[in-house]
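Numbering (our numbering), first residue to last: 2 to 235.
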Ligand code: URA
Ligand code: SF4
């Protein structure tokens with residue numbers, strides 16, 4: 002960023018650069034024609050939330066209401082997701098929420114492999130820019146990106162080290178949870194793991210910003226409760 006007349010603190014420069022990069026990314030997504038979903042969408046849905054969030058939720062793709070409004074998780078499953086986020090003591094505004102595909106698949110069908118591939122670069126850049134410590138996957142398609150093997154009924158609730166100081170936590174998709182009382186219980190129980198993870202991640206961030214070694218109890222590969230990153234990890 003160029004600034005001619007005054008000196009700005011480095012942190013504000015970094016924040017401004019991130020804001021500009023995210024605004025450019027959002028504009029790109031809204032005009033994107035990289036896959037056929039561009040032809041059937043009403044609005045692309047880049048995602049929303051805190052740009053400095055410690056937690057990023059990654060869903061599947063926009064549904065009817067999201068496509069109409071251009072915002073993620075604002076329909077029935079979004080209301081349920083928001084309520085469970087609040088139940089564990091968090092605020093929706095403090096997290097970032099996006100999807101693996103940014104445009105609605107017609108009739109809410111599953112996203113196709115080619116669509117996931119075409120869209121993946123946007124998610125990649127969002128993760129790079131927002132730099133979350135915790136990625137919460139919602140549903141199979143998002144889970145598969147970081148937990149390549151196994152079914153969601155077995156994997157949900159697992160926390161996995163995905164490298165670069167990040168962990169992934171796998172949750173059912175809220176729409177699936179809404180259809181199945183057992184999964185609904187699991188969904189809330191899995192979500193309840195978040196506050197402790199966030200607390201540890203924040204301590205890790207603070208230690209890193211002071212240049213200190215990571216305190217005990219913050220996410221790192223040696224943690225006994227983290228599954229080791231396998232070949233599919235970042
Ligand atoms: N389902 C999703 O996966 N994402 C949304 O944004 C809304 C519903
Ligand atoms: Fe572009 Fe992704 Fe939308 Fe496809 S789904 S048109 S790749 S933004």
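Where is the CB? At the ideal position from N, CA and C, for every residue including glycine.
Computed from a prediction, not measured in an experiment: that's the story for all the values here.
Closest Cα partner of residue i within the set the options
i, options, result
"residue 105", "174, 173, 40, 138", "40"
"residue 136", "109, 167, 158", "167"
"residue 128", "52, 36, 211, 38", "52"
"residue 33", "177, 102, 208", "102"
"residue 46", "154, 28, 37, 56", "28"
8 Å contact criterion, which residue i and residue j should meet: CB distance rounded
i, j, result
"residue 98", "residue 48", "6 Å"
"residue 100", "residue 62", "5 Å"
"residue 93", "residue 206", "With a Cβ gap of about 21 Å, residue 93 and residue 206 do not count as contacting."
Coarse secondary structure for residue i, derived from DSSP in three states
i, result
"residue 161", "strand"
"residue 75", "coil"
"residue 13", "helix"
"residue 167", "strand"
"residue 21", "helix"
"residue 188", "helix"
"residue 173", "coil"
"residue 181", "coil"
"residue 85", "helix"
"residue 224", "Its pLDDT being 47, under 50, residue 224 is placed unreliably by the model, and nothing is read from it."
"residue 30", "helix"
Contact under 7 Å by Cβ, residue i with residue j
i, j, result
"residue 43", "residue 68", "yes"
"residue 96", "residue 195", "no"
"residue 236", "residue 175", "With the chain covering 2 to 235 only, the question about residue 236 has no answer from this structure."
"residue 169", "residue 157", "no"
In chain order, each alpha helix (DSSP H) run of at least 4 residues that lies wholly inside the stretch 116-148: Those alpha helix (DSSP H) runs which fall completely within the stretch 116-148 and span 4+ residues are 141-147.
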